[in-house]
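Enquirer:
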Amino acid sequence: MSQHALAQAGADCVPGGTKAQINACAIKDFQQADTDHQILYGDVMRALSAHERPALRKEQGEWSRHRITHCKQATKAFEAQPDWPSRYHGCLVQQITARDAVLKRWLHQGPPD
0 MSQHALAQAG ADCVPGGTKA QINACAIKDF QQADTDHQIL YGDVMRALSA HERPALRKEQ
60 GEWSRHRITH CKQATKAFEA QPDWPSRYHG CLVQQITARD AVLKRWLHQG PPD
């Protein structure tokens with residue numbers, strides 16, 4: 000789905016509406032979570048010392064690839080269902096929420112041992 004299509008989908012969000020409208024809400028929620036996550040990641044990177052940043056950058060890249068793979072596998076059985084976009088984007092939001100907790104630990108406690 001193109002960025003324009005995703006943006007349009009988010010604009011069509013109606014909580015409790017049709018499957019398409021609920022899917023649009025899931026996409027909108029994902030877009031917001033992803034934007035907030037990128038801001039948090041940037042804040043953590045700025046707070047770390049120069050020698051700590053490469054470790055977080057590497058970890059973040061690995062996590063980013065893993066979340067997509069994980070959510071594709073977790074929702075694979077539902078790909079033909081009309082609510083697949085909602086399931087997939089909901090999974091991504093869960094992955095982002097969990098990663099945000101890790102980033103906050105980096106921010107407040109430094110890199111893991």
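Counting in numbering that gives the first Met the number 0, the sequence shown runs from 0 upward without gaps. Using N, Cα and C, we set each Cβ at its ideal position, and we do this for glycine too. A quick note: this is a predicted structure, and the numbers were derived from the prediction, not measured.
1. I believe R64 touches Q94 by the beta-carbon criterion, under 8 Å. Please report the beta-carbon distance rounded to the nearest angstrom.
2. Would you mind sorting P53 into buried or exposed? The rule is 16 or more other CB atoms within 10 Å of its CB.
3. Could you compute how far the alpha carbon of H69 sits from the alpha carbon of Q20?
4. Smallest Cα separation from Q30: which of T17, P81 and H88?
5. Assuming L39 contacts D99 (C-beta within less than 8 Å), just tell me the rounded distance between them.
6. Helix, strand or coil, according to DSSP, for S48 in the structure here?
7. Inspect the beta-carbon positions of A32 and P84 and report whether they are closer than 8 Å.
8. Following the continuous alpha helix (DSSP H) through C90, name the residue where it begins and the one where it ends.
9. In the structure shown, what three-state DSSP assignment does A79 receive?
10. Could you pull out every residue in the same chain whose Cβ sits closer than 7 Å to the Cβ of T74, ignoring the five residues on either side in sequence?
Expert: Judging by the given coordinates:
1. Numbered from 1 along the sequence shown, position 65 holds the residue referred to as residue 64. Numbered from 1 along the sequence shown, position 95 holds the residue referred to as residue 94. That pair is no contact at about 11 Å.
2. Counting from 1 along the sequence shown, the entry for residue 53 is found at position 54. Exposed.
3. Mapped onto the sequence shown, residue 69 falls at position 70. Mapped onto the sequence shown, residue 20 falls at position 21. Going by the C-alpha atoms only, they are around 25 Å apart.
4. Residue mapping note: residue 30 aligns to position 31 of the sequence shown, counting from 1. Considering only alpha carbons, the answer is H88.
5. Here residue 39 refers to the residue found at position 40 when the sequence shown is read from its first residue. Here residue 99 refers to the residue found at position 100 when the sequence shown is read from its first residue. About 6 Å separates the two Cβ atoms, so the contact holds.
6. The residue given as residue 48 occupies position 49 in the sequence shown. Coil at S48, not helix or strand.
7. As a position in the sequence shown, residue 32 is number 33, starting the count at 1. As a position in the sequence shown, residue 84 is number 85, starting the count at 1. Cβ distance not < 8 Å, so A32 and P84 don't count as in contact.
8. Residue numbering aside, residue 90 sits at position 91 when the sequence shown is read from its first letter. Start and end: W83 to Q108.
9. Here residue 79 refers to the residue found at position 80 of the sequence shown. In the structure shown, A79 sits in coil (DSSP, three-state: anything other than H, G, I, E or B).
10. Position 75 of the sequence shown, counted from the first residue, corresponds to residue 74. Closer than 7 Å at Cβ, skipping near neighbours: W83, R86, Y87 and C90.
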